[in-house]
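First up is the structure itself, then whatever we jot down about it.
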Amino acid sequence: MAELPALLRQVNKPKDPKNLTDLEKKHLPIIEAPTTVKAGEPFQVTVHVGKLLKHPNEPEHHIQSIELYKGYVQLARVDLAGAMTEPKVTFTVSLPANTDDANGGLRVFEKCNMHGVWESTQPITVG
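Each residue of the sequence shown is one higher than the one before, counting from 787 in our numbering.
And the structure:
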């Protein structure tokens, strides 16, 4: 049995965030969210995969899912159909007062059917 490629055996992150490869630009989830929010008040988090360099969107090669976490707590997930959806979603969430950045910032995981899981993070302060 053939060994899985490294991209499929791990959660992928850019090796050098200041010098992204084309593969990283296509797969890195870009998080657009406030850095400070009020406890219990809804706010929006937009995630765009392929914002830096368009990701293919066809049945044979596409983004399958996007997941949003606060630290290790899953807040939301969306599954995408290749060729019929774009890998850009906006979630509306609210965080309780006891959820500060010490518990972890926003984390996004996206899954490409050919290149595995990719992660981005963004700090957030709940005031």
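Glycine included, C-beta positions come from ideal geometry on N, C-alpha and C.
Please report the distance separating the alpha-carbon of residue i from that of residue j.
| i | j | result |
| --- | --- | --- |
| cysteine 898 | valine 823 | 30 angstroms |
| histidine 841 | leucine 892 | 22 angstroms |
| glutamine 908 | threonine 821 | 8 angstroms |
| glycine 826 | glutamate 846 | 41 angstroms |
| proline 873 | leucine 866 | 7 angstroms |
| serine 906 | isoleucine 816 | 7 angstroms |
| valine 894 | tyrosine 855 | 6 angstroms |
| lysine 799 | isoleucine 910 | 19 angstroms |
Return the residue from the list the options that minimises the CA-CA distance to residue i.
| i | options | result |
| --- | --- | --- |
| valine 864 | His834, Lys812, Gly890 and Glu844 | His834 |
| leucine 861 | Glu872, Thr878 and Ile849 | Thr878 |
| isoleucine 849 | Gly857, Glu896 and Lys804 | Glu896 |
| glutamate 853 | Val831, Ala869, Met870 and Gly868 | Val831 |
| glycine 836 | Leu809, Val859 and Tyr855 | Leu809 |
| alanine 869 | Tyr855, Ile910, Glu844 and Ala883 | Glu844 |
Less than 8 angstroms between the C-beta atoms of residue i and residue j, yes or no?
| i | j | result |
| --- | --- | --- |
| tryptophan 904 | leucine 814 | yes |
| leucine 793 | histidine 901 | yes |
In its own chain, which residues sit with a C-beta less than 6 angstroms from the C-beta of residue i, not counting the 5 before and 5 after it?
| i | result |
| --- | --- |
| leucine 838 | Lys811 |
| glycine 890 | Gly857 |
| valine 875 | Val833, Ile852 and Val864 |
Under 8 angstroms Cβ to Cβ from residue i, same chain only, skipping five residues before and after it: list those, please.
| i | result |
| --- | --- |
| phenylalanine 829 | Ala819, Pro820, Val823, Thr878, Val879 and Ser880 |
| alanine 883 | Ala825, Gly826 and Val912 |
From the DSSP output, in three-state form, read off residue i for me.
| i | result |
| --- | --- |
| lysine 874 | strand |
| glutamate 846 | coil |
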